[in-house]
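Right, one structure below, let's go through it.
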Amino acid sequence: MNKKGNGLSDLNRIIEYRCPVCNRLLMKGKIITVETKCPKCKKISILRNTAI
Ligand SMILES: [Zn+2]
Numbered sequence: 027m028n029k030k031g032n033g034l035s036d037l038n039r040i041i042e043y044r045c046p047v048c049n050r051l052l053m054k055g056k057i058i059t060v061e062t063k064c065p066k067c068k069k070i071s072i073l074r075n076t077a078i
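According to our numbering, the sequence shown is numbered sequentially starting from 27.
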């Protein structure tokens with residue numbers, strides 16, 4: 027029997043985080059909390075993973 031580790035698609039799902047002001051894509055992935063500054067409109071946003 028081989029372990030394949032393919033049953034984690036739900037846990038590993040990629041989440042997109044966008045600027046609330048201009049809707050520019052800021053980052054993708056899995057975070058807990060991060061503060062980021064939009065390179066387009068300079069808005070500082072605190073992004074949180076709401077899917078934990
Ligand atoms: Zn922005």
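Beta carbons are placed, not taken as given, at the ideal position from N, Cα and C, and that holds for glycine.
{"query": "Where Arg44 sits in the DSSP three-state scheme", "result": "strand"}
{"query": "Local Cβ density within 10 Å of Leu52, reported as buried at 16 or more and exposed below that", "result": "buried"}
{"query": "Span of the beta strand (DSSP E) around Arg74", "result": "Ile70 to Arg74"}
{"query": "Counterpart residues of Lys56 in DSSP-defined beta bridges", "result": "Bridge partners of Lys56: none, in fact."}
{"query": "Cβ-heavy atom distance, Lys69 to ligand 1, below 7 angstroms", "result": "yes"}
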